[in-house]
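A.B. asks: Counting in the numbering used here, the sequence shown runs from 622 upward without gaps. Backbone N, C-alpha and C define an ideal beta-carbon position, used for all residues, glycine too. The structure displayed is predicted, hence computed values, not measured ones. Right, I'll just put the structure down here and ask away after.
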Amino acid sequence: MCFENANVSQVALNTRHGDKSIPELLSRLVSRDKPLPVAMGAARCLTFIHRAGALPPDDHRVVFGALPCLARLCTKEMPEDIRASAAETLAYLAEVDTALQRLAAISNHLMSSLADIVTCESAAAKQGAFKCFASLGANDEDIRKMIIETHGLMVHVVDGMNNSEPAVRLAAVRCLHSLSRSVQQLRTTFQDHSVWKPLMQLLTDSPGTELLTVGSSTLCNLLLEFSPAKEPMLDQDLLAGAVEMLCNLTKRPEAALRLNGIWALMNMAFQAEQKVKQRILCCLGTEQMFRLLGDSDTRVIMKTLGLLRNLLSTRQHIDAIMSEYSSQVMQVYIFKNILLQQQTEYTGCFGYYLNN
């Protein structure tokens with residue numbers, strides 16, 4: 622009842638049995654002497670009450686009750702079903718709070734426990750571990766480093782993206798997305814693992830909206846200039862398919878997918894060869910470019926201007942593109958005048974490249 626329900630969670634917080642509130646009673650049930658299903662259930666209840674906003678992240682019943690209980694239930698001594706549930710619940714508990722992520726990362730050898738859970742046979746266990754890794758690495762660079770250094774994890778992430786269970790594939794991509802936020806790891810660890818291959822396979826294999834959103838967001842990071850994954854993804858044999866997939870994303874009704882599509886194209890075009898830029902222009906088309914410049918989401922407009930800036934980044938490329946698309950590019954340049962004031966930086970860059 623408390624899951625994502627602020628009203629019910631507030632009632633639970635204020636309801637008392639004798640002289641104890643429900644959270645206080647629950648915090649007594651997460652102790653080591655309680656049966657595992659009872660402790661698991663109590664920790665889940667505290668987690669849901671917290672995430673619904675009734676308990677703050679620094680509340681002692683969260684910090685000293687639910688969190689250490691869930692970390693303990695992830696250890697190797699516990700049954701696999703309990704470990705799977707504990708990992709997924711802990712992922713939800715720490716998902717949005719950096720302080721809880723940092724605390725969980727050093728609780729009860731959690732990293733080693735999660736690394737072991739990933740190797741379990743059940744899809745629920747793998748899913749829970751990947752989700753927990755994703756949550757822990759969402760914000761803190763040091764935690765991402767700890768996760769990356771977990772023995773054999775990247776191999777398991779790649780295997781997870783190839784798993785037959787859709788929920789495991791999604792969780793593995795979420796884990797990869799979390800880790801791909803690290804500039805250091807993009808430059809180092811990701812060079813040793815071709816994570817872009819199974820990711821591209823997933824994105825071109827009619828994925829669901831949720832997987833497509835997380836996967837395309839990950840792709841944006843993998844296409845950054847310093848990412849070792851960018852160069853092989855721009856290989857002649859793969860370029861057309863990658864560009865077409867991203868251009869199709871810009872036509873989706875979901876704003877998040879349009880944003881990811883144009884953002885990835887912007888990163889792809891940055892300091893790219895002329896053939897890459899020509900492919901993007903040819904596939905996206907000027908009509909779609911105009912649609913994106915008039916998008917209801919300001920972030921999409923900004924990234925579209927960023928793409929134009931990257932397409933017209935050198936004199937040679939400007940001459941080549943203007944020779945073929947001069948009228949359309951000038952229309953876009955004129956169209957910039959109706960854009961919001963906050964887009965001045967990108968429109969200014971665009972004008973600079975055209976005028977020089």
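Ignoring anything shorter than 4 residues or poking outside the segment 850-899, list the alpha helix (DSSP H) runs there in chain order.
C.D. replies: With a minimum length of 4 residues, the continuous alpha helix (DSSP H) runs that stay inside the segment 850-899 are 851-854, 857-870 and 876-890.
A.B. asks: What is the DSSP secondary structure of residue 641, reduced to helix, strand or coil?
C.D. replies: Here residue 641 is taken as the residue at index 20 of the sequence shown, counted from 1. Residue state, collapsed to three classes: strand.
A.B. asks: Where do the N-terminal and C-terminal ends of the alpha helix (DSSP H) with residue 920 fall, by residue?
C.D. replies: Your numbering for residue 920 matches position 299 in the sequence shown. Element bounds for residue 920: 919-932.
A.B. asks: Looking at residue 687 and residue 714, is the spacing between their C-beta atoms short of 8 Å?
C.D. replies: The residue you call residue 714 lines up with position 93 of the sequence shown. The residue you call residue 687 lines up with position 66 of the sequence shown. The answer is yes: Cβ separation under 8 Å.
A.B. asks: Buried or exposed for residue 851, going by 16 or more other Cβ atoms inside 10 Å?
C.D. replies: For the purposes of this step, residue 851 is taken as the residue at position 230 of the sequence shown. Counting Cβ neighbours within 10 Å, residue 851 comes out buried, since at least 16 surround it.
A.B. asks: Which residue wins for smallest C-alpha separation from residue 899, given the options 723, 708 and 855?
C.D. replies: On the sequence shown, position 278 is the one that residue 899 refers to. When only C-alpha atoms are compared, the closest one is 855.
A.B. asks: Considering only C-alpha positions, which residue in the set 762, 907 and 838 is nearest to residue 885?
C.D. replies: As a working mapping, residue 885 is identified with position 264 in the sequence shown. Comparing Cα-Cα distances from residue 885 to each of 762, 907 and 838, the minimum goes to 838.
A.B. asks: In the structure shown, what three-state DSSP assignment does residue 829 receive?
C.D. replies: Locating residue 829 in the sequence shown gives position 208, where the first residue counts as 1. It is coil, neither helix nor strand.
A.B. asks: Any heavy atom of the ligand SAM within a distance shorter than 7 Å of the CB on residue 673?
C.D. replies: Although the ligand SAM was asked about, the structure shown includes no ligands whatsoever.
A.B. asks: Pick from 750, 720, 908 and 932: whose alpha carbon is nearest that of residue 732?
C.D. replies: Stepping through the sequence shown from its first residue, residue 732 is reached at position 111. Taking only the C-alpha atoms, the option nearest residue 732 is 750.
A.B. asks: Exposed or buried, which one is residue 709 when buried takes at least 16 other CB atoms within 10 Å?
C.D. replies: In the sequence shown, residue 709 corresponds to position 88, counting from 1. Buried is the call here.
A.B. asks: Closer than 7 Å by C-beta to residue 719: which residues in its own chain qualify, once you throw out the five before and the five after it? Chain order, please.
C.D. replies: Residue 719 sits at position 98 when you count from the first residue of the sequence shown. Same-chain partners within the cutoff: 760 and 761.
A.B. asks: Who are the near neighbours of residue 833 in its chain, counting only those whose CB is closer than 7 Å to its CB and skipping five residues on each side?
C.D. replies: On the sequence shown, position 212 is the one that residue 833 refers to. Within the same chain, residue 833 has close Cβ partners 824 and 878.
A.B. asks: If we ignore side chains and look at the alpha-carbon of each, how far apart do residue 990 and residue 645 end up?
C.D. replies: What the structure shows of the chain is the stretch from 622 to 977, and residue 990 is not part of that stretch, so it cannot be assessed.
A.B. asks: Less than 8 Å between C-beta atoms, sequence neighbours within five positions excluded: which residues of the same chain meet that for residue 892?
C.D. replies: The residue labelled residue 892 in the question sits at position 271 within the sequence shown. The answer, listed in chain order, is 846, 931 and 934.
A.B. asks: Taking C-alpha atoms, which residue in 625, 915, 773 and 632 lies nearest to residue 737?
C.D. replies: Sequence index remark: in the sequence shown, residue 737 carries index 116 (1-based). Measuring from the Cα of residue 737, the nearest candidate turns out to be 773.
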